[in-house]
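Presented below is the structure to which this report refers.
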Amino acid sequence: MPENAFVTLVTNDDYAMAACALVRSLVLTKTNADIVVMHTKAVSETSLLPLRDLGAKLEAVEHLPCSPAFNERHRKKNIHENAPFSKGDKPLFHTPLDNFVKLRLWQLERYDTIVFIDADALVIRNIDKLFDYPEFSAAPNVYESVADFHRLNSGVFVAKPSQATFDSMMTVLDAPDAYWRRTDQTFLETYFSDWHGLPVFYNMLQYVWFNLPELWDWKSVHIVHYQYEKPWEKNHGKADKLKPLIDLWQAYCEGKNLPDIDTLANPSDMK
Ligand code: UDP
Ligand code: MN
10 MPENAFVTLV TNDDYAMAAC ALVRSLVLTK TNADIVVMHT KAVSETSLLP LRDLGAKLEA
70 VEHLPCSPAF NERHRKKNIH ENAPFSKGDK PLFHTPLDNF VKLRLWQLER YDTIVFIDAD
130 ALVIRNIDKL FDYPEFSAAP NVYESVADFH RLNSGVFVAK PSQATFDSMM TVLDAPDAYW
190 RRTDQTFLET YFSDWHGLPV FYNMLQYVWF NLPELWDWKS VHIVHYQYEK PWEKNHGKAD
250 KLKPLIDLWQ AYCEGKNLPD IDTLANPSDM K
């Protein structure tokens, strides 16, 4: 049997808390694959415990050994000033540089195939099928219009761990003056320029709910991804528009009152 794993990343207590909802959702899909949470040392023991209790395997990881110049170019202040986020807001606890730590999953060579999932996502149907997809597979970054289809979203992707790939990535990532405007996402899109497309419902971005409601069909949605504002942020700017999705996340977070997904109302029915 091939060894497969779902992997996420947490570099602070906020994302560790969110990962509990993700891990709980994965367990409920009855997957046999390992569930691995990569965590940096900034995450407290108290935040890691519930993840372990849910059955996740914990993998301590370091930040990438990037040059000081690279780290400076990708510092939050510089990223936000050079390429402001005009579509939505990033929470205060989000550090762009931490996104790159995802690449560490290529070092988990004990696994044949890894499906990486951002900590701010929920898996609401079994997605074991994704282990049969090739490297590098990701869904399109669709949340506003069809023009988004040519870009990938790095919140969900299929990868084949290999130290050799990791080493090669590090050379490209930290090449002199290399600047990755949208961090790991821009990097992965460039490194795997011939990426394979996953169906969009393997990474439904929350803004689809109000920007492209006709694309949202609970019968096909497998992963809900809370890009930009997070469902555990109190009264964020889009909280009213996203209430049904926030309620869903809260249910998974608390582990109670989980709805039957097939009976949920689609946004296009609510008009
Ligand atoms: N992440 C993290 N700490 C950070 C930033 C990111 O642990 O400070 C991880 C976490 O898994 C998160 C993912 O990297 O879900 C990508 O960041 P985020 O989901 O906030 O970006 P978005 O989906 O909004 O683009
Ligand atoms: Mn995300």
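Quick note: the sequence shown uses my numbering, first residue 10, plus one each step.
Note that the Cβ used here is the ideal one computed from N, Cα and C, for glycine as well.
Query	Result
Evaluate the contact criterion for the region 39-51 versus the region 18-30: three or more CB pairs, one atom per stretch, below 8 Å.	yes
With a threshold of 8 Å, establish whether the CB of Y235 neighbours any heavy atom of ligand 2.	yes
Out of curiosity, what's the CA-to-CA distance linking N212 and P185?	33 Å
Would you list the residues sitting across from M47 in a DSSP beta bridge?	L18, E68
Can you list, in chain order, the residues of its chain whose CB lies under 8 Å from that of E81, leaving out five sequence neighbours each side?	N87
What residue range does the alpha helix (DSSP H) around H103 cover?	No alpha helix (DSSP H) holds H103; DSSP gives it neither H nor E.
Looking at the structure shown, is T180 part of a helix, part of a strand, or coil, going by DSSP?	helix
Going by Cα to Cα distance, which pick from L106, K50, E263 is closest to F196?	L106
Helix, strand or coil, according to DSSP, for K260 in the structure here?	The amino acid at residue 260 is misidentified as Lys; the sequence shows Ala. Of the three classes helix, strand and coil, the one that applies to A260 here is helix, per DSSP.
Given that a residue counts as buried once 16 or more other Cβ atoms are within 10 Å of its Cβ, and exposed if not, what is H159?	exposed
Going by beta-carbon coordinates alone, are N135 and A147 separated by less than 9 Å?	no
Since F94 is in the alpha helix (DSSP H), which residue starts that stretch and which ends it?	Note, F94: premise wrong, no alpha helix (DSSP H); not H, not E.
So H83 and T192 are in contact, right, with Cβ under 8 Å, and what is the actual spacing, rounded?	7 Å
Within its chain, find whatever has a CB closer than 6 Å to the CB of C262; leave out the 5 residues flanking it on each side and keep chain order.	A30
Hey, how far is the Cα of Y24 from the Cα of V110?	14 Å
If distances are taken between C-alpha atoms only, which option among L254, P276, E54, R190 comes closest to E90?	R190
Could you give the distance in angstroms between the alpha-carbon of I232 and the alpha-carbon of N13?	18 Å
On the premise that W218 lies in contact with P240, defined as a C-beta separation below 8 Å, what is that separation, rounded to the nearest angstrom?	12 Å between Cβ atoms; not a contact.
If you check the beta carbons only, do Y237 and K252 fall under 9 Å apart?	no
Tell me which residue opens and which closes the alpha helix (DSSP H) that S56 is part of.	54-62
Mind listing, in chain order, the continuous alpha helix (DSSP H) runs of no fewer than 4 residues lying wholly within the region 189-254?	192-200, 217-220
Which residue's Cα is closest to the Cα of V167: D183, H205, A92?	H205
Is the beta carbon of V165 less than 9 Å from the beta carbon of L207?	yes
Between which two residues does the beta strand (DSSP E) harbouring N266 extend?	Here N266 belongs to no beta strand (DSSP E), and DSSP marks it neither H nor E.
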